[in-house]
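What follows is a set of notes on a single structure, which appears directly below.
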Amino acid sequence: MRDLIESIAGEHVTERTNRTLIIVNAAGRRILVEFGSDPDVRATEMIGNGRRVLVCMEVKGGKDRSNIHNRLGEAEKSHIKTKKLGCTDLWTLLGVNLPEEVARERSPTTTLFFYIDDIMNTKTAGAEQFRNHLISIFGLPIFEHR
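Sequential numbering of the sequence shown, starting at 219, is according to the numbering used here.
Quick look at the structure:
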């Protein structure tokens, strides 16, 4: 996921470590993207001495369909925690493609569902949707990404 986000942000990534990216957006604001657990990915805009959580992502990459409901439950628990921190964009990235209404039953707090195979293939509508949402949330210049 880190490589994908870094490729979308492109030259706007100004610093990188194993667990973080710093992105400078079109307004000159710094976005800290952290890769860890609970949530798996968190992007925070640095505002003066404060911070604003922009998006939190839970990555549930397992391909075992029989365990998908448990993984969605785990995502839901994480989203509930991060929502209390003020995050309103809560994404769940799934390794199993299933109807959104089924996924939404298990994780109603999720604001967007993406399928990992789709977003990793840059030619899919899912990849375009993921890219466009990240560009918007990060405040990156759109003309560079057409």
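Glycine is no exception: its CB is placed at the ideal position from the N, C-alpha and C atoms.
Return the bridge partner residues of residue i from the DSSP annotation.
| i | result |
| --- | --- |
| ARG260 | GLU252 and CYS274 |
| LEU239 | ARG234 and VAL251 |
| GLY268 | ILE265 |
| THR306 | Bridge partners of THR306: none, in fact. |
| PHE332 | LEU311 |
Using CA atoms only, rank isn't needed, just tell me which of the options is closest to residue i.
| i | options | result |
| --- | --- | --- |
| ILE355 | ARG237, ASP221 and ILE241 | ILE241 |
| ARG289 | SER325, GLY357, ASP336 and LEU358 | SER325 |
| GLY246 | THR235, HIS230 and GLY280 | HIS230 |
Am I right that residue i and residue j are in contact with their C-beta atoms under 8 Å? What's the rounded C-beta distance?
| i | j | result |
| --- | --- | --- |
| MET275 | ASP258 | 6 Å |
Beta-carbon within less than 7 Å of residue i's beta-carbon, same chain only, minus the 5 sequence neighbours each way: which residues are those?
| i | result |
| --- | --- |
| TYR366 | Examination of residue 366 is not possible in this model, given that the chain is present from 219 through 364 alone. |
| ASP336 | THR342, GLY344 and ALA345 |
Ignore the nearest five residues each way along the sequence and tell me which others in residue i's own chain have a CB closer than 6 Å to its CB.
| i | result |
| --- | --- |
| ASN273 | According to the sequence displayed, residue 273 carries Val and not Asn. For VAL273, where only same-chain residues beyond five positions count, the Cβ hits under 6 Å are ALA261, ASP307 and ILE355. |
| ILE226 | ARG349 and LEU352 |
| THR300 | PRO257 and CYS274 |
| GLY228 | none |
| GLY279 | GLY313 and ILE334 |
| GLU233 | ILE240 |
Spatial neighbours of residue i within its chain, please: CB distance less than 8 Å, with the 5 preceding and 5 following residues excluded, ordered by chain position.
| i | result |
| --- | --- |
| ARG270 | THR262, GLU263 and GLY304 |
| ASN267 | none |
| ARG364 | Annotation note: pLDDT 47 at ARG364 (below 50); position unreliable, coordinate value reported separately. So the list is empty, once near-sequence residues are dropped. |
| MET219 | PHE253, ASP258, VAL259, MET275, VAL277 and LEU311 |
| GLU223 | Reading off the sequence, residue 223 comes out as Ile, not Glu. Once the five neighbours on either side are set aside, the close Cβ partners of ILE223 are LEU239, VAL251, VAL259 and LEU352. |
TODO: Give a yes or no on contact between the region 337-346 and the region 312-329, applying the rule of three or more CB pairs nearer than 8 Å.
DONE: Put simply, the region 337-346 does not touch the region 312-329. Fewer than three CB pairs are less than 8 Å apart.
Task: Cβ pair count under 8 Å reaching 3, the region 276-293 against the region 302-313 - done: As far as the Cβ criterion goes, the region 276-293 touches the region 302-313, which means the pair count is three or higher.
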